[in-house]
Amino acid sequence: MPIYLKQRWNAYTDLDPVTYAVWAIYENAKVFYLEGRYGDLFSFRKLQDAGFHLWYSTINHFVNQFESTTSIATLVPQCEGVVLELGPGMGNQIVRYDKNKVTRVIGVESNPHFRPDIEAQAEKAGLGGVYELVTCGAEESDVLERNGIGASSMDTVLSIQVLCSVRDEKAMAREIHRVLKPGGKFIFWEHHVSSDWITRLYQNVTNPIWRRLIGGCCRNKDMYAALAAAGQWENFKSIEGDADPGKPWVTLPRMWGVLVKAKE
Ligand SMILES: C[S@@+](CC[C@H](N)C(=O)[O-])C[C@H]1O[C@@H](n2cnc3c(N)ncnc32)[C@H](O)[C@@H]1O
1342 MPIYLKQRWN
1352 AYTDLDPVTY
1362 AVWAIYENAK
1372 VFYLEGRYGD
1382 LFSFRKLQDA
1392 GFHLWYSTIN
1402 HFVNQFESTT
1412 SIATLVPQCE
1422 GVVLELGPGM
1432 GNQIVRYDKN
1442 KVTRVIGVES
1452 NPHFRPDIEA
1462 QAEKAGLGGV
1472 YELVTCGAEE
1482 SDVLERNGIG
1492 ASSMDTVLSI
1502 QVLCSVRDEK
1512 AMAREIHRVL
1522 KPGGKFIFWE
1532 HHVSSDWITR
1542 LYQNVTNPIW
1552 RRLIGGCCRN
1562 KDMYAALAAA
1572 GQWENFKSIE
1582 GDADPGKPWV
1592 TLPRMWGVLV
1602 KAKE
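Here the working numbering is used: the first residue of the sequence shown is 1342, the next is one more, and so on.
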């Protein structure tokens, strides 16, 4: 069996994302230093949040263009009723909601730098009075509870490339299942650990650096296992993906779907 040395080499040595991330962190460190914000300069969290926002806003045009060619474009309009959107980031998905289907959308974003982008996108989408933003980690269930996100309260939970950055994806998946109403939908598009052992080794070895530079994103999480263990779904087998045995070098294989929480 060919091991595709050239393709692997090209995939594993693509340093563009990392180079941009180093630049973004450096730019923010410079600003913190010049403004005398030494507390922020020596806080890795502050540098990481500011760096990730600059990184994302720099590459966002390309990310958004790419995403509109994927199933994201048809997944997001399936959101309906009361929606919990995890990690809206630049707010790229907000303009994809079907305004006639959503009654309330609560975006939960842990990075405060994204607030102006999200608010601007909500206005642009005509969802100004419908979209509410809560700045906290999606795992902070006490804060979510205070914002009306409790057990069996959501018609839809949307997660587009967010579970990779959540510290404990298994606990997060259980929480998503918990807050959904029976019959509610979990709509997602995420990347996951590779089934190819060489790519998995690459993901594991590079992850400590990647995670620190790219806003906590991990490339080696077993999302299938996390979702399977979250609770009962009516249609777990409907999950789709682009992992291709003919392209074992892909470092970010994607999976997506609309999982329906079982009605007891
Ligand atoms: C790769 S971006 C995706 C942004 C957006 N979902 C999209 O599709 O364009 C991941 C986002 O999740 C946010 N995030 C990461 N961990 C989070 C957490 N624990 N709780 C809430 N948001 C989180 C990040 O700050 C970032 O905005």
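The beta-carbon is built from N, C-alpha and C at its ideal position, and this holds for glycine as well.
Asked: Would a C-beta distance cut-off of 7 Å place V1520 and S1494 closer than the cut-off?; Found: yes
Asked: Going by C-alpha to C-alpha distance, which of V1404, T1497, M1564 and D1355 sits closest to Q1419?; Found: T1497
Asked: Apart from the five residues on each side of it in sequence, which residues of its chain come closer than 6 Å, Cβ to Cβ, to D1563?; Found: V1534
Asked: So, F1529 versus S1500, is the Cβ gap smaller than 7 Å?; Found: yes
Asked: Does the CB of P1589 have a neighbour CB from chain C at under 7 Å?; Found: Of the chains in the structure shown, none is chain C; there is only one protein chain.
Asked: Where G1478 and N1433 are concerned, what is the direct C-alpha to C-alpha distance, given to the nearest angstrom?; Found: 19 Å
Asked: Just tell me which of D1537, A1466, L1382 and Q1462 has its CA closest to the CA of N1441.; Found: A1466
Asked: If distances are taken between C-alpha atoms only, which option among E1473, D1439 and L1388 comes closest to P1429?; Found: E1473
Asked: Express the C-alpha separation of L1427 and N1503 in angstroms, rounding to a whole number.; Found: For the sequence presented, residue 1503 should be read as Val rather than Asn. Going by the C-alpha atoms only, they are around 7 Å apart.
Asked: T1399 and G1422 look like a contact to me (Cβ under 8 Å); what is the Cβ gap, rounded to whole Å?; Found: About 35 Å separates the two Cβ atoms, so there is no contact after all.
Asked: Give the single residue among P1358, P1343 and W1597 whose Cα lies nearest to the Cα of W1551.; Found: P1358
Asked: Just confirm the distance between the C-beta atoms of V1363 and L1554, as a whole number of angstroms; I'd bet it's less than 8 Å.; Found: 7 Å
Asked: Which whole-angstrom value is the C-beta distance of H1606 and G1572, which I expect to be below 8 Å?; Found: As shown, the chain starts at 1342 and ends at 1605. That puts residue 1606 outside it, with no answer to give.
Asked: Taking C-beta to C-beta, are T1652 and P1589 nearer than 7 Å?; Found: Examination of residue 1652 is not possible in this model, given that the chain is present from 1342 through 1605 alone.
Asked: With DSSP run on the structure shown, which of helix, strand or coil describes G1448?; Found: strand
Asked: Reducing DSSP to helix, strand and coil, say where H1533 ends up.; Found: coil
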